[in-house]
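Some notes on the structure that comes next.
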Amino acid sequence: MKPIIFCDFDGTITATDNIVSLMTQFVPEESEKIAQAMLAQTITFKDGVTAMFELLSTRQKDEVIQYLLNTAVIREGFGEFVQFAHTNDIPFYVVSGGVDFFIEPMLEKFGPFTGVYCNSADFSGSQIELLYPNPCDEECAKYEVQGCGCCKPSVMRSVAQDDHFKIVIGDSISDFEAAKQADLVLARDHLIDRCENLQIPYKPFETFYDCLDAVKELIEE
304 MKPIIFCDFD GTITATDNIV SLMTQFVPEE SEKIAQAMLA QTITFKDGVT AMFELLSTRQ
364 KDEVIQYLLN TAVIREGFGE FVQFAHTNDI PFYVVSGGVD FFIEPMLEKF GPFTGVYCNS
424 ADFSGSQIEL LYPNPCDEEC AKYEVQGCGC CKPSVMRSVA QDDHFKIVIG DSISDFEAAK
484 QADLVLARDH LIDRCENLQI PYKPFETFYD CLDAVKELIE E
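Residue numbers (the numbering used here): 304 to 524.
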């Protein structure tokens, strides 16, 4: 058995969802309507996040970045968890529907990682435009509508080997399709509800010390 880790960023590595925090700070009323539609799945994750960032002017770039760097809190135990993966040669991929301009600086001191897959931001126009370099592949259930943005199951299929034991760590609806492919799901918040509704086995976590215990237990079996 060869463990491989696929870990979400917003609300998982960080204690809160950075996109929600950002929108609540800068465009609370307009973004709330979009967030509710995403949660109800009446619009795709990709379309919702695109619409949210289009509410922000590129003139706000420095202010937006500084706000996130000042307010984001890394979940307890993350550094130790990453170090454990390094020490034990466990591939560690961060796979996020978030955006490179805040993910990369927050992760910098914890790396290097085996890979970081996320969305990108284009600040060349008047509004912030998101780019999606990790689209759905032909096996994705949402392939016809291209609704994932950063498609986590497609990323998993592209890097995991047949003999890998796939560990998915996440908190939200954007992690659910990835959880269906996992051999072990470590879940919190909305992902717990989704796993219970469809009877997908999972272990709950609050800190990365919980994740560390779960992976150690797996290796020792």
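Yeah, the Cβ is synthetic: ideal placement off N, Cα and C, and Gly gets one too.
Quick check on residue i: does DSSP put it in helix, strand or coil?
i, result
"Thr390", "helix"
"Ser423", "strand"
"Ser457", "helix"
"Glu509", "coil"
"Glu335", "helix"
"Gln363", "helix"
"Ala375", "coil"
"Phe413", "helix"
"Gln430", "strand"
"Gly382", "helix"
"Val330", "coil"
What does a CB cutoff of less than 6 Å around residue i pick up in its chain, not counting 5 residues either side in sequence?
i, result
"Glu432", "Asp425"
"Ile476", "His493"
Between residue i and the rest of its own chain, which residues show a CB-CB distance below 7 Å, the 5 nearest in sequence each way excluded?
i, result
"Phe404", "Ile368 and Ala424"
"Pro507", "Ala490, Arg491 and Ile495"
"Cys451", "Phe348, Lys349, Cys439, Cys443 and Lys445"
Going by C-alpha to C-alpha distance, which of the options sits closest to residue i?
i, options, result
"Asp313", "Leu325, Phe329 and Gln484", "Leu325"
"Val402", "Glu441, Thr417, Val385 and Phe356", "Phe356"
"Phe384", "Phe416, Val323 and Leu371", "Phe416"
"Cys439", "Gln430, Val458 and Ser429", "Val458"
"Tyr396", "Ile522, Ser461, Ala318 and Glu366", "Ser461"
"Lys525", "Ile316, Lys336, Ser427 and Pro306", "Outside the shown range of the chain, which is 304 to 524, sits residue 525, and nothing can be said about it."
"Ile393", "Gly452, His467 and Gln484", "His467"
From the DSSP output, read off the bridge partner residues of residue i.
i, result
"Tyr396", "Phe309 and Gly418"
"Ala490", "Gly473 and Pro507"
The segment 341-360 / the segment 494-502 touching (three or more Cβ pairs under 8 Å)
Flag = no, the segment 341-360 and the segment 494-502 do not touch.
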